[in-house]
Amino acid sequence: MRMILVGPPGAGKGTQAARLLERYGIPHISTGDMLRAAVKEGTELGKQADACMKRGDLVPDEVVIGLVQERIAKPDAQKGFMLDGFPRTLPQAQALQTALDESGVDLDAVVLIEVPDQLIVDRITGRRSDPETGAIYHLKFNPPPADVADRLVQRKDDTEEACVARLEKYHSQTAPIVPFYEKRGVLTRVDGVGTPDEVTARLVDAIG
Ligand code: AMP
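Position 122 (the sequence shown) corresponds to 146 in the numbering used here; numbering is contiguous.
Written out as structure tokens, the structure is:
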């Protein structure tokens with residue numbers, strides 16, 4: 025199963041990907057997680073990405089395309105993968121399609137998780153993650169257990185200012201990939217409003 029989760033920032037892509045992994049037995053490939061790891065390690069790529077990410081801007085296409093091409097060529101991704109946060113621009117979608125065509129494989133599903141803009145800022149500014157387990161919580165909608173609450177961290181780009189910038193980028197740069205996949209007949213839309221359990225049930229239904 026080769027699939028992509030698309031949606032605005034805060035749509036629940038990371039949360040849902042983590043829940044779907046076991047069911048489908050494929051690796052979760054999040055370009056956001058890969059870039060954050062590079063920033064933490066202080067690599068050249070991390071330094072380049074850090075400023076873009078803090079502003080809520082996209083990292084240049086050639087950087088993320090290279091990262092993903094390398095990652096999907098690894099042995100664990102040969103049977104499939106779940107891409108989260110990539111592609112985010114039309115050139116990224118086209119580069120991925122070329123790489124898949126060259127390997128003689130294709131996407132099974134592209135799932136668009138739809139959440140209205142007015143819910144996004146609340147979802148993002150209340151988001152916290154556990155650096156030890158990677159679990160994602162929300163202070164109001166998915167409160168963390170008391171014993172982990174003290175160690176939770178907030179992403180640097182989960183401020184209101186960066187969130188507004190990321191939402192703008194989503195509409196101007198990422199939304200054009202929706203008709204690209206619609207034309208290819210692989211796009212499914214899923215309502216992302218509701219509890220994480222409700223959205224997981226809809227996704228499983230849509231993916232089959
Ligand atoms: P995410 O964790 O998916 O919300 O990504 C966090 C940030 O990483 C984004 O706001 C971008 O700055 C950067 N990023 C992640 N994936 C991509 C991508 N496919 N193209 C460009 N920038 C990306």
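All C-beta atoms, glycine included, are put in the ideal place defined by N, C-alpha and C.
Keep in mind that this is a model prediction, so the values were computed, not measured.
TODO: Would you mind stating whether Gly31 and Glu138 have Cβ atoms separated by less than 8 Å?
DONE: On the sequence shown, residue 31 is found 7 positions in, with the first residue counted as 1. On the sequence shown, residue 138 is found 114 positions in, with the first residue counted as 1. Cβ atoms of Gly31 and Glu138: closer than 8 Å.
Task: Arg112 CB to nearest heavy atom of the ligand AMP below 7 Å - done: As a first step, residue 112 is located in the sequence shown; it is residue number 88 there, counting from the start. Answer for Arg112: yes, Cβ within range of the ligand AMP.
TODO: Leaving aside the five residues before and after Met58 along the sequence, list all residues of the same chain whose C-beta is less than 8 Å from its C-beta, in chain order.
DONE: Here residue 58 refers to the residue found at position 34 when the sequence shown is read from its first residue. Same-chain partners within the cutoff: Leu91 and Arg95.
Task: 4 or more residues per run - each alpha helix (DSSP H) lying fully within the segment 41-66 - done: Runs of the alpha helix (DSSP H) inside the segment 41-66: 55-65.
Open item on the list: I'd like to confirm something about Ser153: is its beta-carbon nearer than 7 Å to some heavy atom of the ligand AMP, or not?
Closed with: Along the sequence shown, one-based indexing puts residue 153 at 129. No, the beta carbon of Ser153 sits no closer than 7 Å to any heavy atom of the ligand AMP.
Open item on the list: Can you give me the C-alpha to C-alpha distance between Ala61 and Asp100, rounded to a whole angstrom?
Closed with: The sequence position of residue 61 within the sequence shown is 37, counting from 1. The sequence position of residue 100 within the sequence shown is 76, counting from 1. Approximately 19 Å, taken between the alpha carbons.
Open item on the list: Taking 7 Å as the cut-off, is the C-beta of Arg213 nearer than that to any heavy atom in the ligand AMP?
Closed with: Against the sequence shown, residue 213 aligns to sequence position 189. Arg213 Cβ: outside cutoff for every heavy atom of the ligand AMP.
Task: C-alpha gap between Val88 and Gly218, whole angstroms - done: Residue mapping note: residue 88 aligns to position 64 of the sequence shown, counting from 1. Residue mapping note: residue 218 aligns to position 194 of the sequence shown, counting from 1. One C-alpha to the other measures close to 31 Å.
- [ ] Verify whether the separation of the beta carbon atoms of Leu191 and Arg152 is less than 8 Å.
- [x] The sequence position of residue 191 within the sequence shown is 167, counting from 1. The sequence position of residue 152 within the sequence shown is 128, counting from 1. No, Cβ-Cβ distance for Leu191 and Arg152 is not below 8 Å.
- [ ] Please state if the CB of Asp132 and the CB of Leu124 are separated by a distance shorter than 8 Å.
- [x] In the sequence shown, the residue the question calls residue 124 occupies position 100. In the sequence shown, the residue the question calls residue 132 occupies position 108. If you check the CB distance, Leu124 and Asp132 do not come in under 8 Å.
Open item on the list: I need the straight-line Cα distance from Leu163 to Pro169, nearest angstrom please.
Closed with: Stepping through the sequence shown from its first residue, residue 163 is reached at position 139. Stepping through the sequence shown from its first residue, residue 169 is reached at position 145. The straight-line gap from Cα to Cα measures roughly 10 Å.
Task: Candidates Ile28, Cys187 and Gly209, of which the one nearest Asp108 by Cα - done: Counting from one through the sequence shown, the residue named residue 108 turns up at place 84. Among Ile28, Cys187 and Gly209, the Cα nearest to that of Asp108 is on Ile28.
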